[in-house]
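In case it helps, our numbering puts the sequence shown at residues 15 to 64.
Ideal Cβ positions, reconstructed from N, Cα and C, are used throughout, including at glycine.
Below you'll find the structure, written out as structure tokens, and then a few comments.
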Amino acid sequence: MKKDQNQVKVRFQPECKKWIERQSRDQERSQTWIINDLVRKAIQNEGQVS
């Protein structure tokens, strides 16, 4: 893990965890990448809504 990254523990509801696992498999990306991508997109969208 890079030193400029923070690690957190997160609990997901079973259906959310299954969705993340499925996206990870389908996109051939890590579950961490999927979650970070979702958060980045949410941050971008938040800035666009005024």
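Residue 44 - DSSP class collapsed to helix/strand/coil:
Three-state DSSP puts residue 44 in coil, outside helix and strand.
**Helix, strand or coil at residue 25 according to DSSP, with G and I counted as helix** = Assignment of residue 25 by DSSP, reduced to helix, strand and coil, places it in the coil class.
Just confirm the distance between the C-beta atoms of residue 48 and residue 41, as a whole number of angstroms; I'd bet it's less than 8 Å. The pair is a contact, with the Cβ atoms about 7 Å apart (cut-off 8 Å).
Does DSSP put residue 58 in a helix, a strand or coil? Looking at residue 58 - three-state DSSP - the assignment turns out to be helix.
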